[in-house]
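One structure is given here, and the rest of the page talks about it.
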Amino acid sequence: MSAPTVTRLVEADWRAFAALRLRALDDTLGTEDRQYREELAFTASQWRRRLRAHTQFALLDGEDLVGLIGAQRQTVETVYLYSLWLEPQVRGRGLGHDLVSAAVDWACTQGARVVTLRVESGNAAARGIYRRLGFDVVAGEPATDDAAHESAPREITMSRSLG
Ligand SMILES: CC(C)(COP(=O)(O)OP(=O)(O)OC[C@H]1O[C@@H](n2cnc3c(N)ncnc32)[C@H](O)[C@@H]1OP(=O)(O)O)[C@@H](O)C(=O)NCCC(=O)NCCS
Numbered sequence: 001m002s003a004p005t006v007t008r009l010v011e012a013d014w015r016a017f018a019a020l021r022l023r024a025l026d027d028t029l030g031t032e033d034r035q036y037r038e039e040l041a042f043t044a045s046q047w048r049r050r051l052r053a054h055t056q057f058a059l060l061d062g063e064d065l066v067g068l069i070g071a072q073r074q075t076v077e078t079v080y081l082y083s084l085w086l087e088p089q090v091r092g093r094g095l096g097h098d099l100v101s102a103a104v105d106w107a108c109t110q111g112a113r114v115v116t117l118r119v120e121s122g123n124a125a126a127r128g129i130y131r132r133l134g135f136d137v138v139a140g141e142p143a144t145d146d147a148a149h150e151s152a153p154r155e156i157t158m159s160r161s162l163g
């Protein structure tokens, strides 16, 4: 069986995108979450609009989509990556790296100078991927002597310059 491949979703893929995105939101936030409920109610034209406004890369395993990352032009110079997610059964195989790498390559082709993202500070697997791809922490990292940070999950911002 061949390895999963990264594919860029187009507007015509909106049904598969909607199902995948809702799977990811359910898995990470749960069905009671406000964002899940909001997107569950999206119409076809809202899903299509999302695919026009933001670039989405998915991981294709045979006939199944099993991973997703969104990339959004934030400013003329900056691309923002969001919602990296893999189905639990395909985690731990380095596939998250392939998705982020495809999104960074796309940002390069768009002439962006910086790629930025946010990640929970305790998410070691995601941070491992970003670090390996050249991202550095630029905001949100607590000082080492700040004992209060240990218990509270916090988001950090990482970024990488291109070119
Ligand atoms: C985060 C996620 C995308 C990681 O994808 P993955 O392909 O399964 O990642 P891997 O398990 O292959 O690990 C990636 C790297 O982190 C390292 N890593 C994994 N778990 C680790 C841990 N607990 N401590 C330290 N390093 C760890 C791996 O060794 C690997 O490093 P390498 O590339 O140098 O070998 C996936 O776990 C996921 O979808 N999680 C739920 C959603 C999520 O957290 N998204 C991130 C939002 S920013």
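Numbering (full-length UniProt numbering), first residue to last: 1 to 163.
Every residue gets a Cβ at the ideal spot worked out from N, C-alpha and C, and that includes glycine.
Beta-bridge partners of V79 (DSSP): R73, V115. In the DSSP assignment, T5 falls within the beta strand (DSSP E) that extends over 5-8. In the three-state reduction of the DSSP assignment, L60 falls in the strand class, which pools E and B. In the three-state DSSP reduction, A16 falls in the helix class (H, G or I). By the Cβ neighbour-count rule, Q89 is exposed, with fewer than 16 other Cβ atoms within 10 Å of its own.
Counting every other CB atom within 10 Å of its CB across the protein chains shown gives A12 a total below 16, marking it as exposed. One Cα belongs to L133, the other to R93, and the distance between them is close to 16 Å. Between R154 and the set S121, A139, A53, S101, the nearest pair of CA atoms involves S121. For E11, no alpha helix (DSSP H) encloses it, and the DSSP letter there is neither H nor E.
Secondary-structure assignment with DSSP links E155 through a beta bridge to E120. It is roughly 25 Å from the alpha-carbon of V79 to the alpha-carbon of F42.
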